[in-house]
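These protein sequence lines map, in sequence, to chains Y and L. When the letters of the first sequence are read in order and numbered with the working numbering, they come out as residues 1 to 163. When the letters of the second sequence are read in order and numbered with the working numbering, they come out as residues 164 to 326.
2 protein chains.
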Amino acid sequence: MAGEKQGLSDFESQVVDFFCDGVKLLGLPRSLGEIYGILYISQEPLALDDLVDRLGISKGSASQGLRMLRDLGAVREAGAATGRKSYYEPDVELKQLAGGFIKEQVRPHLASGDEKLKNLKNMVKEMPGDARSDFYAGRLSRLGAWTKKARVVLPLLQKFLGR
Amino acid sequence: MAGEKQGLSDFESQVVDFFCDGVKLLGLPRSLGEIYGILYISQEPLALDDLVDRLGISKGSASQGLRMLRDLGAVREAGAATGRKSYYEPDVELKQLAGGFIKEQVRPHLASGDEKLKNLKNMVKEMPGDARSDFYAGRLSRLGAWTKKARVVLPLLQKFLGR
DNA sequence: GGCTTAGTTCATTTTGAATTGAACCTTGTT
DNA sequence: AACAAGGTTCAATTCAAAATGAACTAAGCC
């Protein structure tokens, strides 16, 4: 009988479930939702061991998930260290969460997309200038407009979420 | 030697690749990126068989992918039917694409999230009214604010993308 | 120094989503 | 009606992403 959310009340496990859905929508691993969820609904910061015990996940998973959440800025070390053990608490500001996600997940994709697009445009320049290459050029320039729009919208979005 | 993008020029397969990255970011299956990509860069509409031949994917995959893209409003049947075979072309308006994605993928998630949240709030109402339940109520009401913001932002986003 | 506890890393395993392919409809053609 | 071509469905398979867990490093403590 492998442990699965043994340490969670019905209420808590439903909260965790809520966040699991949320991270799935964002394309992030389930464990991030579990970890953030349990931190979100805890009155006190939790240590890595607590996550392992209460969620029934492996130490490796907890460590990696916690790291990812810190990178995203969704979780931070809490207060003064009591001994050498670290305790973690969630950042509950939507603005920060969205900002971290955009910075870590969205922008890198956008950047590599731009790179590829630049490449494609160069390939078209090398082609003989006929109807076909004109068509290609048109489609690529439309793609460029898309990514440009994304660039403009993201800061606006962040600003809006901060209100 | 199983066929893989046999029918694609270097240029075309890089375009397809671009869209594969794109759909990955949105958490959609790779095949959608392949299919949309090849349609996007084709001067003429393509039939299901063309997708199978050029992308080297199975008929089943092509059929399912095409269906999903139609549901998303990213692809439509082109012109008058020549015989009984259908040909498909991409919708290239960012506004439409984003709208379809939001309607089909985002809103359902939001709706089920609201359902769950309502449930959780009821659970808290049943609890004895102490400091703990107050804490829970606070956290849940913050979640409510998040989803409300999402609700407000999505239409704004669509409007912006349509400009 | 030797011991213990906290945390990380990474090769292997698991699991869940995507793809396949064969059977099955449907519609048109002779 | 028999056949063919286009398309769909779904059980079985494949594959990539995530979780595991054992080995490892780092940091106190005696």
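For glycine and all other residues, C-beta sits at the position ideal for the given N, C-alpha and C.
Segment limits, alpha helix (DSSP H) that includes residue i
i, result
"Gly190(L)", "First-last for Gly190(L): undefined, no H or E at that position."
"Gly144(Y)", "Ala131 to Leu161"
"Leu280(L)", "Arg270 to Glu289"
Reference residue i, options the options, closest by Cα
i, options, result
"Lys118(Y)", "Arg142(Y), Val106(Y), Lys103(Y) and Phe101(Y)", "Arg142(Y)"
"Val23(Y)", "Gly65(Y), Tyr136(Y) and Ala145(Y)", "Gly65(Y)"
"Arg314(L)", "Ala261(L), Pro291(L), Val269(L) and Ser205(L)", "Val269(L)"
"Tyr203(L)", "Glu34(Y), Phe160(Y), Gly138(Y) and Lys149(Y)", "Gly138(Y)"
"Gly276(L)", "Leu120(Y), Asp114(Y), Asp10(Y) and Asp17(Y)", "Asp17(Y)"
"Val75(Y)", "Tyr36(Y), Asp10(Y) and Asp130(Y)", "Tyr36(Y)"
"Val255(L)", "Ala145(Y), Ser9(Y), Gln14(Y) and Leu51(Y)", "Ala145(Y)"
"Glu104(Y)", "Val15(Y), Leu8(Y) and Leu28(Y)", "Leu28(Y)"
"Ser13(Y)", "Phe182(L), Lys279(L) and Cys183(L)", "Lys279(L)"
"Ile57(Y)", "Leu8(Y), Leu25(Y) and Lys85(Y)", "Leu8(Y)"
"Pro271(L)", "Phe11(Y), Gln158(Y), Gly73(Y) and Asp21(Y)", "Asp21(Y)"
"Leu303(L)", "Val316(L), Gly292(L) and Asn285(L)", "Asn285(L)"
"Gln96(Y)", "Lys85(Y), Leu110(Y), Leu72(Y) and Arg84(Y)", "Leu72(Y)"
"Leu211(L)", "Ala261(L), Gln321(L), Asp293(L) and Glu252(L)", "Glu252(L)"
"Gln321(L)", "Pro291(L), Ile265(L), Arg295(L) and Phe298(L)", "Ile265(L)"
"Glu34(Y)", "Leu25(Y), Ala62(Y) and Arg163(Y)", "Ala62(Y)"
"Gly99(Y)", "Lys125(Y), Leu156(Y), Val124(Y) and Tyr136(Y)", "Leu156(Y)"
"Ala274(L)", "Asp213(L), Thr310(L) and Val215(L)", "Thr310(L)"
"Asp173(L)", "Asp134(Y), Gly129(Y) and Val124(Y)", "Val124(Y)"
"Glu44(Y)", "Leu209(L), Phe298(L) and Phe323(L)", "Phe298(L)"
"Arg30(Y)", "Gly129(Y), Leu69(Y) and Ser133(Y)", "Leu69(Y)"
"Phe160(Y)", "Phe182(L), Leu317(L), Arg230(L) and Leu195(L)", "Leu317(L)"
"Arg295(L)", "Leu25(Y), Ser42(Y) and Phe19(Y)", "Ser42(Y)"
"Arg230(L)", "Gly242(L), Asp216(L), Gly246(L) and Tyr250(L)", "Tyr250(L)"
"Leu46(Y)", "Phe19(Y), Arg163(Y) and Lys85(Y)", "Lys85(Y)"
"Val15(Y)", "Ile38(Y), Leu26(Y) and Leu32(Y)", "Ile38(Y)"
"Leu94(Y)", "Phe182(L), Gly325(L), Leu188(L) and Lys312(L)", "Lys312(L)"
Runs of beta strand (DSSP E) lying entirely within the region 33–101 of chain Y, each at least 3 residues, in chain order: With a minimum length of 3 residues, the continuous beta strand (DSSP E) runs that stay inside the region 33–101 of chain Y are 75–77 and 87–90.
Positions along the region 276–293 of chain L whose CB lies within less than 9 Å of some CB in chain Y: Legend: CB atoms of the region 276–293 of chain L lying less than 9 Å from CB atoms of chain Y belong to residues Gly276, Lys279, Leu280, Asn282, Leu283, Met286, Val287 and Met290.
Contact set between the region 204–220 of chain L and chain Y, restricted to residues whose Cβ is under 8 Å from the partner: Within the region 204–220 of chain L, the residues whose Cβ lies closer than 8 Å to some Cβ of chain Y are Ile204 and Gln206, listed in chain order.
Contacting positions in the region 64–85 of chain Y - beta carbon closer than 8 Å to chain L: So the list is empty, because no residue satisfies the distance condition.
Contact residues within the region 20–37 of chain Y, judged by C-beta distance below 9 Å to chain L: For the region 20–37 of chain Y, which is checked against every Cβ of chain L, the residues closer than 9 Å are Asp21, Gly22, Lys24, Leu25, Leu26 and Gly27.
Residues of the region 299–323 of chain L with Cβ closer than 8 Å to any Cβ of chain Y, in chain order: Result list: Tyr299, Arg302, Arg305, Leu306, Ala308, Trp309, Lys312, Val316, Leu319, Leu320 and Phe323.
Residues of the region 247–264 of chain L with Cβ closer than 8 Å to any Cβ of chain Y, in chain order: Shown in chain order are the members of the region 247–264 of chain L whose Cβ falls below 8 Å from a Cβ of chain Y: Val255 and Leu257.
Residues from the region 5–18 of chain Y in contact with chain L, defined by Cβ distance under 9 Å: Here the close residues are Asp10, Phe11, Gln14, Val15, Asp17 and Phe18.
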